[in-house]
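K.L.:
Residue numbers (the numbering used here), protein chains in the order written: chain X, 1446 to 1752; chain S, 1446 to 1752.
Beta carbons: idealized from backbone N, C-alpha and C, even for Gly.
Supplied in structure tokens, the structure appears directly below.
So this is what it looks like as structure tokens:
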């Protein structure tokens, strides 16, 4: 195989209570990439459509992730990358992670899978570092593993795939305002109260237990973030209303997707997820904010080959 | 049924990463209690053997828990309580919780189970409040539900029973020094760094996932506490050695049981748990500290009727 075309899913990181550790992959939102083996060494980005992004290898997240891959590989050649960028950068649904994860997953396929998923996450994290100064894994891990993932530890890196209940759907609304990941990290406090910490790890435990048991109510009760959401939501106009209305029409719960500004809600079944979408649209129309909106099943496969 | 005799298990709270939220019940260590229906209203503690503890109802944790039970019950009479106290108070393996949980569980049986486990935990928490000023649930919940339990939230109280892998054994050593729960809470800091919080909820997620999947390695990797253990372990002579040696001979991991001074380790299989016990004994013999030691399967039943 000399060339592969892949779908690179958008992802929701943090998932309310799981700041920096939890993430999930989406099914109906993502980029497409073509990766091609070359005899020439190194990584060349030949084409980017959909968004204005740097073609220079060391300035593009997929280039940087690809270089990290090549450095550990014994492959003698290189790769060309074409990106059809459909996820808007800065939207909070893992735009950079999709490119980084998609690139290294595809390269691994082309070489006959020399690397494990865990190693691919490590390469892709280099792309994340370029994008946001922090090599976080909570978007690239679900993009590569699919479904829900837990980053149990960063040092050493330990990724735990978590099962996904079959009827779990996400609704994600992206208000057309920009919040940079690096900025939204800066406003966080470096200390938290032990009391809030206890609430948070109680909820993380509850969410994981709910996912294992298909206990949608428990999932809903656990989707609470007393630490990051109260601070970051200030940057997102209409956040409280969007969330309250989503829960009012039947969502299990919701919060900020990654570092925002996208807001997500999880629901049991597509029908409710669509109702949640209607409610979100309505809310932003009333406030007068432009938006994109997506309804998606949780994608349990991660990056996948489409041709 | 007019009288019931019950076994009231010792419990390990916190279980390393799960401060204030996780707990597990033991099988081979516990008190015995006899609870008897009386036509007279109120709670009378008629006999306590094994330890010097107050017979006065409002000063005894089982009395206080029993009064909380009676207050919500439409039962017209009362109860007599006899306690054979085998768990030493202040040992850190849920001595007060065993009495509180045992009393209300037995009363509930005698009246034909009018209350749910969740309600029983709420009554028993009143006993905990008497014992340590804080109505914590991380010992009484596993004592009543059995196995591992997660206190997802205190307000409202939300207890999640977590499945227990079949080969999971605990080794617990109790050095003969006294650490009061209230004192060992006072030395904790009210603030923690967000960074340590992230490590902690990553580990709680990992431990829950490990328990659901019978993944003993993941359980072991997740048994880490970067917040409370570094502070409280200072109060426990030989802690670092006991823990390191236990892991060296095969324990999955370990930590402080509750607020200490008992130290626990979890192992896969009784054989390793016994080896861990030998190693712990050896360590304390070398340091010259008197101790009790227990090896126990995790008790998945909680309080149980013995006659």
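Just to confirm, is the Cβ distance from residue 1453 of chain X to residue 1547 of chain X under 7 Å?
P.N.:
yes
K.L.:
At 7 Å on the CB atoms, spell out the chain X contacts of residue 1663 of chain S, in chain order.
P.N.:
1605
K.L.:
Quick one: does residue 1731 of chain S have its CB under 7 Å from some CB of chain X?
P.N.:
no
K.L.:
In chain order, what residues of the same chain lie with their CB nearer than 6 Å to the CB of residue 1508 of chain X, ignoring the 5 residues before and after it?
P.N.:
1488, 1490, 1502
K.L.:
Residue 1577 of chain X to residue 1477 of chain X, Cα distance in whole Å?
P.N.:
22 Å
K.L.:
So that I know if they touch, is there some Cβ in chain S lying closer than 7 Å to that of residue 1642 of chain X?
P.N.:
Yes, residue 1642 of chain X counts as interfacial toward chain S.
K.L.:
For the candidate residues S:1583, S:1599, S:1602, whose alpha-carbon lies nearest to that of residue 1593 of chain S?
P.N.:
S:1583
K.L.:
Between residue 1636 of chain X and chain S, is any beta-carbon pair separated by less than 7 Å?
P.N.:
yes
K.L.:
Please report whether the beta-carbon of residue 1617 of chain X lies at a distance below 7 Å from any beta-carbon of chain S.
P.N.:
no
K.L.:
With a cut-off of 8 Å on the beta carbons, I'd call residue 1549 of chain X and residue 1565 of chain X a contact; round off their distance for me.
P.N.:
5 Å
K.L.:
For residue 1696 of chain S, which three-state DSSP category applies?
P.N.:
Secondary structure at residue 1696 of chain S: coil, using DSSP grouped into helix, strand and coil.
K.L.:
Quick one: Cα of residue 1650 of chain X to Cα of residue 1634 of chain S, how far?
P.N.:
23 Å
K.L.:
Report buried or exposed for residue 1557 of chain S, applying the criterion of at least 16 other Cβ atoms within 10 angstroms of its Cβ.
P.N.:
exposed
K.L.:
Would DSSP call residue 1483 of chain S helix, strand or coil?
P.N.:
strand
K.L.:
Check the Cβ of residue 1496 of chain X against every Cβ in chain S and list those closer than 7 Å, keeping chain order.
P.N.:
Going along chain S, no residue has its Cβ under 7 Å from residue 1496 of chain X, so there is no contact; the nearest lies around 31 Å.
K.L.:
Of all the residues that make up the region 1517-1547 of chain X, which are near chain S by a beta-carbon distance shorter than 8 Å?
P.N.:
none
K.L.:
Could you check the C-alpha separation between residue 1729 of chain S and residue 1652 of chain X for me, to the nearest Å?
P.N.:
40 Å
K.L.:
Mind pulling the beta strand (DSSP E) runs of 3 or more residues that sit fully within the region 1483-1532 of chain S?
P.N.:
1487-1494, 1523-1529
K.L.:
If you drop the 5 nearest sequence neighbours on each side, which residues of the same chain put their C-beta closer than 6 Å to that of residue 1457 of chain S?
P.N.:
1469, 1702, 1709
K.L.:
Per DSSP, which residues does residue 1735 of chain X bridge with? Please list them.
P.N.:
Residue 1735 of chain X is not bridged to any residue.
K.L.:
Name, please, each residue of chain S whose Cβ falls closer than 7 Å to the Cβ of residue 1679 of chain X.
P.N.:
Those within 7 Å of residue 1679 of chain X in chain S number zero; the least Cβ separation is about 17 Å.
K.L.:
Measuring CA to CA, which of S:1689, S:1682, S:1697 is closest to residue 1668 of chain S?
P.N.:
S:1697
K.L.:
Taking the beta strand (DSSP E) that residue 1573 of chain S falls in, what are its first and last residues?
P.N.:
That residue, residue 1573 of chain S, is in no beta strand (DSSP E); its alpha helix (DSSP H) goes 1562-1577.
K.L.:
So what does DSSP say about residue 1636 of chain X, is it helix, strand or coil?
P.N.:
Strand.
K.L.:
Just to confirm, is the Cβ distance from residue 1713 of chain S to residue 1612 of chain S under 7 Å?
P.N.:
yes
K.L.:
What alpha helix (DSSP H) runs, 4 residues minimum, are completely inside the region 1677-1730 of chain S?
P.N.:
1684-1693
K.L.:
Have a look at residue 1741 of chain S and residue 1738 of chain X and give me their C-alpha separation to the nearest angstrom.
P.N.:
53 Å
K.L.:
As a quick exercise: from S:1500, S:1704, S:1553, S:1495, pick the residue whose alpha carbon is nearest that of residue 1750 of chain S.
P.N.:
S:1553
K.L.:
So is residue 1541 of chain X buried or exposed if we call it buried at 16+ other beta carbons inside 10 Å?
P.N.:
buried
K.L.:
When the cut-off is 7 Å and only beta carbons count, does residue 1598 of chain S lie next to chain X?
P.N.:
yes
K.L.:
Can you list the residues of chain S that residue 1560 of chain X reaches, using a CB-CB cut of under 7 Å?
P.N.:
Per Cβ cutoff of 7 Å: no residues; residue 1560 of chain X is ~21 Å from chain S at best.
K.L.:
Closest by CA to residue 1598 of chain X, which one among S:1632, S:1568, S:1670, S:1590?
P.N.:
S:1670
K.L.:
Interface residues of chain S around residue 1667 of chain X at Cβ under 7 Å?
P.N.:
Those within 7 Å of residue 1667 of chain X in chain S are 1597.
K.L.:
DSSP state of residue 1668 of chain S, grouped into three classes?
P.N.:
coil
K.L.:
May I have the straight-line CA-CA distance separating residue 1543 of chain S from residue 1518 of chain S, to the nearest angstrom?
P.N.:
Going by the C-alpha atoms only, they are around 21 Å apart.
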